[in-house]
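Peer 1:
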Amino acid sequence: MAVGSLPARADDGEALRAGYLPHRAVYDLVLIPGRDPDKSPVQAGRARMLYEFRGNQCEGWSTTTRLLTELTPQEGNPQISDIRSSTFENPLTKEFRFLTSSTVDGALREEADGTAIQDKAGQLKIALKKPSKRDVSPGPDIVYPTQHLTLLLIAAKSAQTVVEADLFDGSENGDKIYSTTAIIGRGRVTPLPDGDAGAIPELRGKPRWPFTVSFFDRAAKGGGEQTPLYDLAVEIYENGITQSMTLNYSSFSMKGKLAKLELLPITPCK
Numbered sequence: 045m046a047v048g049s050l051p052a053r054a055d056d057g058e059a060l061r062a063g064y065l066p067h068r069a070v071y072d073l074v075l076i077p078g079r080d081p082d083k084s085p086v087q088a089g090r091a092r093m094l095y096e097f098r099g100n101q102c103e104g105w106s107t108t109t110r111l112l113t114e115l116t117p118q119e120g121n122p123q124i125s126d127i128r129s130s131t132f133e134n135p136l137t138k139e140f141r142f143l144t145s146s147t148v149d150g151a152l153r154e155e156a157d158g159t160a161i162q163d164k165a166g167q168l169k170i171a172l173k174k175p176s177k178r179d180v181s182p183g184p185d186i187v188y189p190t191q192h193l194t195l196l197l198i199a200a201k202s203a204q205t206v207v208e209a210d211l212f213d214g215s216e217n218g219d220k221i222y223s224t225t226a227i228i229g230r231g232r233v234t235p236l237p238d239g240d241a242g243a244i245p246e247l248r249g250k251p252r253w254p255f256t257v258s259f260f261d262r263a264a265k266g267g268g269e270q271t272p273l274y275d276l277a278v279e280i281y282e283n284g285i286t287q288s289m290t291l292n293y294s295s296f297s298m299k300g301k302l303a304k305l306e307l308l309p310i311t312p313c314k
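Quick note: to get this note's numbering, add 44 to the position in the sequence shown (first position is 1).
Set out below in structure tokens:
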């Protein structure tokens, strides 16, 4: 089994050449019944994810994500959570800007607003505006989301099966660092998804790979086996488009598929 632990600066050249397609996608997710549904704290659930990816490898990538989730517990009323994220990632300057928020039934739970930079020594430095104004220096070799995607696709194309990396995405209170472990399956070309996404010629005949990424709290990392905060299983094309996903939390899981896909104009490098 090939294992890769890739630092934040290992992907510079590949990231600049990455042929990611700007796109807007909608994913519908449903609750996966457990082996014993009566013992699950959740009796019903559904979610919709809106994802938009714009930009290019020279001027940077902007990403907008919104995840609306409705969960019905075994007892009580349905609960609606709304997680929003807007980020900008520049592979040349190593800058990352982020604005994230999380509400439950309309009440704000978490928010973060700030900027991060990877300096020449590979150290990550975060300047937060919200939830409070402060500076954080979590250390070296921490990647941003698109850098992470690039690392995974590089590994997949070179037949690696495991990749470990520390990830910063601006979530929670803006200082969370995840330790991630990705298990990579064999690439494949299979029939296109149903609906309008199946008519996209840019997906026809393109390989995609299955990844299962476990997210751990790096601050809690220590001796012994650690339980992940959650797992994300996805199938991703080489152009960065995700076809399907499964979110596995400690007490429930949700499975989603690509419901709608729209390619956005490609902005050429100046």
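Where a beta carbon is used, it is the ideal one built from N, C-alpha and C, also for glycine.
Ends of the beta strand (DSSP E) at Gln277?
Peer 2: According to the sequence as given, residue 277 is Ala; it is not Gln. Where Ala277 is concerned, the enclosing beta strand (DSSP E) stretches over 274–281.
Peer 1: Apply the 10 Å Cβ neighbour rule to Glu279 and answer buried if 16 or more other Cβ atoms are within range, or exposed otherwise.
Peer 2: Per the 10 Å Cβ criterion, buried.
Peer 1: Ignoring anything shorter than 4 residues, give me the alpha helix (DSSP H) runs that lie fully in the stretch 156–222, in order along the chain.
Peer 2: Counting only runs of 4 or more, we get 189–201.
Peer 1: In this structure, does DSSP put Lys83 in helix, strand or coil?
Peer 2: Correct three-state label for Lys83: helix.
Peer 1: Would you call the CB atoms of Val86 and Pro117 closer than 8 Å?
Peer 2: Yes.
Peer 1: By DSSP, does Met298 sit in helix, in strand, or in coil?
Peer 2: Of the three classes helix, strand and coil, the one that applies to Met298 here is strand, per DSSP.
Peer 1: If you draw a straight line from the C-alpha of Tyr274 to the C-alpha of Ala264, how long is it?
Peer 2: Taking the straight line joining both Cα atoms gives about 14 Å.
Peer 1: For Leu193 and Ala88, I'd like the C-alpha separation in whole angstroms.
Peer 2: Roughly 31 Å separates the two Cα atoms.
Peer 1: With distance defined between alpha-carbon atoms, name the residue in Arg98, Gly218, Leu195 nearest to Val207.
Peer 2: The shortest Cα separation from Val207 among Arg98, Gly218, Leu195 belongs to Leu195.
Peer 1: Between Arg92 and Leu115, is the Cβ-Cβ spacing less than 8 Å?
Peer 2: Not a contact, by the Cβ cut-off of 8 Å.
Peer 1: Along the chain, where does the beta strand (DSSP E) that runs through Gly104 open and close?
Peer 2: 104–117 is the span of the beta strand (DSSP E), which, as asked, contains Gly104.
Peer 1: Distance check for Ala160 and Ala303, CA to CA, integer angstroms please.
Peer 2: The straight-line gap from Cα to Cα measures roughly 33 Å.
Peer 1: Hey, how far is the Cα of Thr290 from the Cα of Arg110?
Peer 2: Cα to Cα, Thr290 sits roughly 16 Å from Arg110.
Peer 1: Quick check on Gly177: buried or exposed, where buried means 16 or more other Cβ atoms within 10 Å of its Cβ?
Peer 2: Note that residue 177 is Lys in the sequence shown here, rather than Gly. It is exposed - the Cβ of Lys177 has fewer than 16 other Cβ atoms within 10 Å.
Peer 1: Can you tell me whether Leu211 is buried or exposed? The criterion is at least 16 other CB atoms within 10 Å of its CB, across all chains shown.
Peer 2: By the 10 Å Cβ count, Leu211 comes out buried.
Peer 1: Could you give the residue range of the beta strand (DSSP E) that holds Asp126?
Peer 2: That run of the beta strand (DSSP E) goes 123–134.
Peer 1: Please state the DSSP three-state secondary structure of Leu75.
Peer 2: It is a strand residue.
Peer 1: What number of angstroms, rounded off, separates the C-alpha of Asn134 from the C-alpha of Ser84?
Peer 2: Straight-line Cα distance between these residues: approximately 42 Å.
Peer 1: How is the beta strand (DSSP E) around Gln287 delimited, first residue to last?
Peer 2: That run of the beta strand (DSSP E) goes 286–292.
Peer 1: Do Phe259 and Thr286 have their C-beta atoms closer together than 8 Å?
Peer 2: No; because the gap between Cβ atoms is not below 8 Å, this pair is not in contact.
Peer 1: I need the straight-line Cα distance from Lys169 to Glu119, nearest angstrom please.
Peer 2: Between Lys169 and Glu119, the C-alpha separation is close to 44 Å.
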